[in-house]
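Numbering (the working numbering), first residue to last: 1 to 245. Beta carbons: idealized from backbone N, C-alpha and C, even for Gly.
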Ligand SMILES: C[S@@+](CC[C@H](N)C(=O)[O-])C[C@H]1O[C@@H](n2cnc3c(N)ncnc32)[C@H](O)[C@@H]1O
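So this is what it looks like as structure tokens:
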């Protein structure tokens, strides 16, 4: 059921192919320290990153900065951080005055870490409800409708390690986005004016990902494009309900 939206087709046509496999593998060579405690500093905050929890990188910060400066506007809105990881998105959304903050991750350790930092850096606020959720994408999620969703998915198209924690954080591939868009659509989780921000680069199969959004009746557009000058291009897509949704 390929979406016949001409804008969607034009977007597909101008997206780059994935980089060559050997370049993707070289760019995503796993660090040996995922199973250790690491540290992360951002925006004046200090985080201890427990074993197995994703250490935010430059791509993560493209979302974090936009939540912080209001480019991704969560004030008074129901927000879900899909793949919450360390919890930075949830913390920023709470401080920016989201009405509901759902921190969703398949990894219980990430959800627990997010809860801990939310309590420490945001705390109780009368106008914000914080809901930590362990779920496989939206399987296990009972909230909604959602006004804003962000997702920095583990969409790298090459398997860069046999370690299941590295795969979960980095390289599940585009099939995860298929399930993400299918569940958003079938469970009608997105509010009529809702916005989904998905950040992916050409180390992933960008066309397959955009095609999954189109196939489920969504309207993707390029919100921001960053060229890292090493062959990697990172796309921040904004995805909204299609006209017929
Ligand atoms: C690239 S990390 C991003 C973490 C954080 N949002 C950030 O940007 O720093 C991907 C996150 O997605 C989570 N994840 C992987 N598969 C998932 C699934 N099926 N459902 C929910 N979360 C998943 C991982 O545990 C990890 O925390």
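Item: Taking 8 angstroms as the threshold, find out whether the segment 198-216 comes into contact with the segment 152-164 through three or more Cβ pairs.; Value: yes
Item: Where residue 132 and residue 93 are concerned, what is the direct C-alpha to C-alpha distance, given to the nearest angstrom?; Value: 13 angstroms
Item: Cutting at 6 angstroms between CB atoms, please list the residues of its own chain near residue 136, excluding the five before and the five after it.; Value: 106
Item: Expressed to the nearest angstrom, what Euclidean distance is found between the alpha-carbon atoms of residue 64 and residue 112?; Value: 19 angstroms
Item: Starting from residue 220, follow its DSSP beta bridges and name the residues at the other end.; Value: 239
Item: Would you mind stating whether residue 11 and residue 38 have Cβ atoms separated by less than 7 angstroms?; Value: no
Item: CB of residue 152 to nearest heavy atom of ligand 1: below 6 angstroms?; Value: yes
Item: Classify residue 1 as helix, strand or coil using the three-state DSSP reduction.; Value: Its pLDDT being 47, under 50, residue 1 is placed unreliably in this model, and the coordinates cannot settle the point.
Item: I'd like to check one pair, residue 141 with residue 198: are the Cβ atoms closer than 7 angstroms?; Value: no
Item: Say the cut is 6 angstroms; is the CB of residue 46 nearer than that to a heavy atom of ligand 1?; Value: no
Item: Shortest alpha-carbon distance to residue 61 belongs to which of 76, 200, 176, 195?; Value: 200
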